[in-house]
Amino acid sequence: MKRILFASLCALSSFGSLACDFSSVKFEHDFAAARLDQCKQINDSTYQLTLIPENTPINDSPWYAFKVVADKPTDIKVIMKVVDGHHRYPPKISLDGQNWQLQKYRLRKNKLSFHLKVSEKPTWISAQEILTNEQYYQWGKYLAQQQYISQEVLGNSTQDRPIYKIETKGEGKDWLVILGRQHPPEITGALAIFPFTETLLSDSKLASKFRKKFNILVIPNLNPDGVQLGNWRHNANGIDLNRSWKSFDQVESKHVDDYLSSLVGKNQKMRMAVDFHSTKKDIFYTMPSDYGMEQPYLVETWLNSLDKQYPDFNVIQQPGNNPGKGVFKQYFTDKYNAHAITYEMGDNTDRRFINTLAVSAANTLMTTLLNSDPITGK
Numbered sequence: 011m012k013r014i015l016f017a018s019l020c021a022l023s024s025f026g027s028l029a030c031d032f033s034s035v036k037f038e039h040d041f042a043a044a045r046l047d048q049c050k051q052i053n054d055s056t057y058q059l060t061l062i063p064e065n066t067p068i069n070d071s072p073w074y075a076f077k078v079v080a081d082k083p084t085d086i087k088v089i090m091k092v093v094d095g096h097h098r099y100p101p102k103i104s105l106d107g108q109n110w111q112l113q114k115y116r117l118r119k120n121k122l123s124f125h126l127k128v129s130e131k132p133t134w135i136s137a138q139e140i141l142t143n144e145q146y147y148q149w150g151k152y153l154a155q156q157q158y159i160s161q162e163v164l165g166n167s168t169q170d171r172p173i174y175k176i177e178t179k180g181e182g183k184d185w186l187v188i189l190g191r192q193h194p195p196e197i198t199g200a201l202a203i204f205p206f207t208e209t210l211l212s213d214s215k216l217a218s219k220f221r222k223k224f225n226i227l228v229i230p231n232l233n234p235d236g237v238q239l240g241n242w243r244h245n246a247n248g249i250d251l252n253r254s255w256k257s258f259d260q261v262e263s264k265h266v267d268d269y270l271s272s273l274v275g276k277n278q279k280m281r282m283a284v285d286f287h288s289t290k291k292d293i294f295y296t297m298p299s300d301y302g303m304e305q306p307y308l309v310e311t312w313l314n315s316l317d318k319q320y321p322d323f324n325v326i327q328q329p330g331n332n333p334g335k336g337v338f339k340q341y342f343t344d345k346y347n348a349h350a351i352t353y354e355m356g357d358n359t360d361r362r363f364i365n366t367l368a369v370s371a372a373n374t375l376m377t378t379l380l381n382s383d384p385i386t387g388k
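Counting from 11, one number per residue, gives the positions in the sequence shown under my numbering.
Pasting the structure below:
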């Protein structure tokens with residue numbers, strides 16, 4: 011093992027430099043959700059960046075986000091390699107950190123490379139669009155301008171960041187639970203939760219009718235530490251939160267379990283949960299209809315109805331039962347005898363379609379819950 015690092019190699023940590031500062035080019039990661047672990051100058055215009063996971067073993071989802079600035083306009087080449095993993099996300103480029111487009115790149119032998127024109131004005135590079143804790147808070151604050159919607163702190167994370175819940179209560183005792191961002195890099199799932207929630211909370215005739223009967227609990231950002239740190243998968247303790255719903259040894263999942271238990275203790279009823287994630291393709295992980303839930307065909311009815319609205323898109327349903335795995339979907343169904351699904355959007359799914367599908371999914375879910383047979387769910 012090499013014990014000496016040359017001056018041209020910057021090793022970054024939360025206790026070290028927040029920039030790889032070379033003679034005329036600087037790679038910055040001093041912002042929320044940034045991630046860059048090592049950088050090395052190869053020649054006058056080529057830089058190698060290394061991505062290292064927070065801990066291992068870990069899901070193969072290397073996250074990166076950084077800014078590049080230069081003393082004067084110049085062309086550079088960036089080579090990115092991964093330790094203990096493989097590239098999952100094609101690079102995105104932005105000039106303001108808000109509007110993103112795909113950056114042309116080449117992937118060869120697990121090294122991803124691309125060319126950039128950089129200048130004094132920062133150029134942002136990220137694995138996916140950046141969605142920070144502050145953006146979630148401001149979104150909830152905006153929603154809570156409506157008198158019937160509240161945003162409050164559910165509890166604090168491992169590193170004492172607030173975990174917010176958005177809530178609306180109607181006349182009934184049934185609850186729909188929406189969960190998001192257990193895994194920080196899964197941005198397409200996050201992009202879906204916004205329009206999905208906004209549709210449920212809108213002033214449409216359907217949504218207004220739905221909220222009279224159903225209460226809605228939204229916890230859009232369960233892992234604020236992982237989001238802030240730019241983690242590949244885990245919380246600040248190095249734990250996959252979507253494997254902690256059996257042991258409840260992480261405060262984030264424990265907060266949710268305690269709150270749901272308190273609602274049920276007040277004679278409220280959990281009816282359904284939707285947990286938003288991302289993976290390589292669009293898919294809906296469900297519980298088997300013969301698992302024993304109330305209204306066993308409820309989710310099939312919902313997703314089949316959604317599928318009929320999109321002749322050119324397949325709403326893929328994949329039932330599964332993994333009682334020992336500690337995932338949220340399984341926990342919710344086992345504890346409350348109610349349906350839960352994992353709503354997965356593909357990493358590279360068109361962002362406009364993510365929005366369109368989420369709106370349709372929310373409207374179809376409301377219609378299904380209001381009109382389905384109380385025994386079968388059909």
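Note that CB positions come from ideal geometry on N, CA and C, so glycine has one too.
Exercise. Per DSSP, residue 185 is paired with what?
Worked result: In the DSSP output, where bridge partners are listed per residue, residue 185 has 225 and 280.
Exercise. Looking only at DSSP bridge pairs, what is residue 85 linked to?
Worked result: Beta-bridge analysis with DSSP links residue 85 to 127.
For this session: List the endpoints of the continuous beta strand (DSSP E) containing residue 59.
Result: First-last of the beta strand (DSSP E) with residue 59: 56-61.
Exercise. Between 203, 256, 345 and 135, which lies nearest to residue 78 when the distance is taken from Cα to Cα?
Worked result: Among 203, 256, 345 and 135, the Cα nearest to that of residue 78 is on 135.
For this session: Verify the contact flag: residue 47, CB atom, against every heavy atom of the ligand SAM, threshold strictly below 7 Å.
Result: The ligand SAM is absent from the structure shown, which contains no ligands of any kind.
Exercise. Can you give the beta carbon distance from residue 308 to residue 180, rounded, assuming they're within the 8 Å contact cut?
Worked result: About 19 Å; that fails the 8 Å criterion.
Exercise. In chain order, which continuous runs of the alpha helix (DSSP H) of length 4 or greater are located wholly inside the region 286-366?
Worked result: Complete alpha helix (DSSP H) runs here, min 4: 308-318 and 338-346.
For this session: Let me know if residue 96 comes out buried or exposed under the rule of 16 or more other beta-carbons within 10 Å of its beta-carbon.
Result: By the 10 Å Cβ count, residue 96 comes out exposed.
Problem set entry | residue 37 versus residue 117: straight-line alpha-carbon distance, rounded | Cα to Cα, residue 37 sits roughly 21 Å from residue 117.
Problem set entry | Within 8 Å, strictly: CB atoms of residue 383 and residue 98 | Judged by beta-carbon spacing, residue 98 lies beyond the 8 Å limit of residue 383, meaning their Cβ atoms are not closer than that value.
For this session: Rank 55, 246, 196 and 255 by C-alpha distance to the C-alpha of residue 333 and give the top, closest one.
Result: Of the residues 55, 246, 196 and 255, the one whose Cα lies closest to the Cα of residue 333 is 255.
Exercise. What is the DSSP secondary structure of residue 168, counted as helix, strand or coil?
Worked result: Coil.
Problem set entry | Per DSSP, the bridge partner or partners of residue 51 | Residue 51 is bridged to 57.
Exercise. Hey, would you say residue 174 sits closer than 8 Å to residue 164, going by beta carbons?
Worked result: Yes, the pair counts as a contact, with Cβ atoms nearer than the cut-off.
Exercise. Residue range of the alpha helix (DSSP H) that residue 135 falls in?
Worked result: No alpha helix (DSSP H) holds residue 135; the beta strand (DSSP E) holding it covers 133-136.
Exercise. DSSP beta-bridge partners for residue 90?
Worked result: In the DSSP output, where bridge partners are listed per residue, residue 90 has 59 and 122.
For this session: With DSSP as the reference, label residue 144 as helix, strand or coil.
Result: Helix, per DSSP.
Problem set entry | Three-state secondary structure (DSSP) of residue 30 | Looking at residue 30 - three-state DSSP - the assignment turns out to be strand.
Exercise. For residue 67, does the count of other Cβ atoms within 10 angstroms reach 16, so buried, or fall short, so exposed?
Worked result: It is exposed - the Cβ of residue 67 has fewer than 16 other Cβ atoms within 10 Å.
For this session: State buried or exposed for residue 63, treating a residue as buried only when at least 16 other CB atoms are found within 10 Å of its CB.
Result: Buried, by the Cβ-count rule.
Problem set entry | Local Cβ density within 10 Å of residue 379, reported as buried at 16 or more and exposed below that | Buried is the call here.
Problem set entry | Where the beta strand (DSSP E) containing residue 208 begins and where it ends | It is not in any beta strand (DSSP E) - residue 208 instead sits in the alpha helix (DSSP H) that spans 197-210.
For this session: Let me know the secondary structure DSSP gives residue 12 once reduced to three states.
Result: Since pLDDT at residue 12 reaches only 29, below the 50 mark, its modelled position is unreliable, and no value is offered.
For this session: Please go through the same chain and pick out, in chain order, the residues whose beta-carbon is closer than 6 Å to the beta-carbon of residue 132, but skip the five residues on each side of it.
Result: 77 and 79.
For this session: My understanding is that residue 243 touches residue 337, with C-beta atoms under 8 Å, so please give their C-beta distance in whole angstroms.
Result: Contact between residue 243 and residue 337 fails: their C-beta atoms lie close to 14 Å from each other, not under 8 Å.
For this session: Please say whether residue 348 and residue 310 have beta carbons closer to each other than 8 Å?
Result: Going by C-beta atoms, residue 310 is not nearer than 8 Å to residue 348.
Exercise. Leaving out five residues before and five after residue 153 in sequence, what residues of the same chain have Cβ atoms less than 8 Å from its Cβ?
Worked result: The residues are 159, 161, 176, 207, 208 and 211.
Exercise. What does a CB cutoff of less than 6 Å around residue 127 pick up in its chain, not counting 5 residues either side in sequence?
Worked result: Taken in chain order, the residues that qualify are 85.
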